[in-house]
Amino acid sequence: MIDIIKKGLNKRKVKLFLVFLLCSGLAWFISNLGEQYTNNATFDIYYGSTPDSLLLNSVSKRNIKVRLRASGFQFLMFGFKNKTVVVDLSHLEKKGPKYFVSPSTYRSQIENQLSKFIRVEDMDRDTLFFNFQRLYKKKLPVLPKVTIDLEQNYLMDNNYTLLPDSITVMGPKSEIDTLKGITTQTLVLPHTTNDISEKLKLNLPPNLKNTKYSHHNVTLSAKIFKFSEKVFKVPVEVVNVPEGVGIRTFPEIVSVLCRGRLSAIKELAESDFVVTADYSNLRDKNENVLDLKLTKRPDSVNVVQLRENKVEFILKRQ
Numbered sequence: 000m001i002d003i004i005k006k007g008l009n010k011r012k013v014k015l016f017l018v019f020l021l022c023s024g025l026a027w028f029i030s031n032l033g034e035q036y037t038n039n040a041t042f043d044i045y046y047g048s049t050p051d052s053l054l055l056n057s058v059s060k061r062n063i064k065v066r067l068r069a070s071g072f073q074f075l076m077f078g079f080k081n082k083t084v085v086v087d088l089s090h091l092e093k094k095g096p097k098y099f100v101s102p103s104t105y106r107s108q109i110e111n112q113l114s115k116f117i118r119v120e121d122m123d124r125d126t127l128f129f130n131f132q133r134l135y136k137k138k139l140p141v142l143p144k145v146t147i148d149l150e151q152n153y154l155m156d157n158n159y160t161l162l163p164d165s166i167t168v169m170g171p172k173s174e175i176d177t178l179k180g181i182t183t184q185t186l187v188l189p190h191t192t193n194d195i196s197e198k199l200k201l202n203l204p205p206n207l208k209n210t211k212y213s214h215h216n217v218t219l220s221a222k223i224f225k226f227s228e229k230v231f232k233v234p235v236e237v238v239n240v241p242e243g244v245g246i247r248t249f250p251e252i253v254s255v256l257c258r259g260r261l262s263a264i265k266e267l268a269e270s271d272f273v274v275t276a277d278y279s280n281l282r283d284k285n286e287n288v289l290d291l292k293l294t295k296r297p298d299s300v301n302v303v304q305l306r307e308n309k310v311e312f313i314l315k316r317q
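Residue numbering for the sequence shown follows numbering that gives the first Met the number 0, beginning at 0 and increasing consecutively.
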């Protein structure tokens, strides 16, 4: 029994010793972390805020070596962070054809990105040089690939619209010179009776890697309505008839078909239309047929059609 008690006490002493040893080691470690140290590091550089008119092709440096001074705590925390710094290119310097950023400029930018408890003792002092390609702008029309089939007795108010109907592209001249227009995705709308509002994706060329586009989608809109129709009887007016000659057409009155909104059709009168036949357009004086032309029509209706395209005539000497 006494031996067992002795063994238990010895184990307890060993555990206490280990605990005290661990605590003293931890205290020593923490004490050392509070000391100031210098250490070397390598930062990867990300170049941001490139001017819109330039494409960055190559740079003289992709990383930079620095010598830092900080406490052990700061280095311990710093070791777990992404060692990437940003160099802002919005204020590039230029000498002749070369673009560059001076060491003093990028050093101050890097220092501003570090903790205030970390001091830069030294770093590479090489000027950063850049090779750019100039970018150009070009305005291109949007080319719709749209088929709209209206249900019977329905019309589209004017034509559909695209918003925007053109886009701006920016890229190297060799790329954007190949573009004449940008097509939309294919859209087929059968038996349409309602107003249309559809967002369409643009077919942007995937092979133009350095070209950017102001829009990736456009909106197609159209007003659809059920139409009414009415036929108006309009007299034929013959113009440019030689002096001393009278003319009579057969028929003297022709039909004009109108299709539009019922409210617009109700407001129309025969005087809103003028149908003419131009005698000076007659090439063969032995013929007795004149072409008809609708020279006046109201804008309030969507479809206006002459049912007769020609009239016969006879001349009467006066």
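By construction, the Cβ of each residue, glycine as well, lies at the ideal position given by its N, Cα and C atoms. Here the structure is a predicted model, which means the values were calculated and not measured.
Strand pairing of residue i, partner residues [DSSP]
i: P234; result: I252
i: E92; result: F99
i: R118; result: R68
i: V84; result: I44
i: S142; result: Correcting the residue identity first, residue 142 is Leu in this sequence and not Ser. Per DSSP, T182.
i: E311; result: F249 and V288
i: D277; result: V238
i: V302; result: R258
i: I63; result: F42
i: T218; result: L162 and K198
Expected contact under 8 Å - CB spacing of residue i and residue j to nearest Å
i: P143; j: S165; result: Actually they are not in contact, since the Cβ atoms of P143 and S165 sit about 12 Å apart, beyond 8 Å.
i: P102; j: T126; result: 6 Å
i: L53; j: L134; result: 6 Å
i: I246; j: L314; result: 6 Å
i: K265; j: V288; result: Actually they are not in contact, since the Cβ atoms of K265 and V288 sit about 35 Å apart, beyond 8 Å.
i: R258; j: N301; result: 6 Å
i: M169; j: K138; result: Their Cβ separation, rounded to whole angstroms, is 11 Å, which puts M169 and K138 out of contact at 8 Å.
i: R66; j: M122; result: 7 Å
i: V84; j: G47; result: The pair is not a contact, with the Cβ atoms about 10 Å apart (cut-off 8 Å).
i: L186; j: V235; result: Incorrect: roughly 43 Å between the Cβ atoms, too far for contact.
i: T41; j: K64; result: 5 Å
Spatial distance of residue i from residue j (CA atoms)
i: L261; j: V255; result: 16 Å
i: T248; j: V237; result: 8 Å
i: T182; j: F131; result: 30 Å
i: T104; j: K211; result: 30 Å
i: L173; j: P50; result: According to the sequence displayed, residue 173 carries Ser and not Leu. Taking the straight line joining both Cα atoms gives about 19 Å.
i: F116; j: K208; result: 42 Å
i: N280; j: F312; result: 14 Å
i: S299; j: A221; result: 17 Å
i: L199; j: L219; result: 7 Å
i: S213; j: Y159; result: 22 Å
i: L267; j: D283; result: 37 Å
i: R296; j: L305; result: 11 Å
i: A263; j: I195; result: 22 Å
i: E307; j: K232; result: 11 Å
i: Y278; j: E197; result: 49 Å
i: I109; j: I175; result: 37 Å
i: S59; j: Y98; result: 11 Å
i: R68; j: V119; result: 6 Å
i: F224; j: E269; result: 24 Å
i: V217; j: G180; result: 14 Å
i: L55; j: D43; result: 17 Å
i: V303; j: N206; result: 47 Å
i: P171; j: T177; result: 11 Å
i: D156; j: T167; result: 29 Å
i: R106; j: P96; result: 24 Å
i: L91; j: V100; result: 6 Å
i: Q184; j: H215; result: 11 Å
i: Q112; j: L161; result: 46 Å
Min CB distance residue i to chain C below 8 Å
i: D125; result: Here there is only one protein chain, and chain C is not present.
Residue i Cβ short of 7 Å to the ligand MN heavy atom set
i: S220; result: The ligand content of the structure shown is nil, which means the ligand MN is not present either.
Meets three-Cβ-pair contact criterion under 8 Å: the region 289-309 and the region 269-279: Yes: the two stretches touch, three or more of their Cβ pairs being nearer than 8 Å.
Cβ contact check for the region 144-164 and the region 219-230: 3 or more pairs under 8 Å: yes
Ranges of the alpha helix (DSSP H) found wholly within the region 159-213, counting only runs of at least 4: Note on the region 159-213: whole alpha helix (DSSP H) runs with a minimum of 4 residues are 172-175, in chain order.
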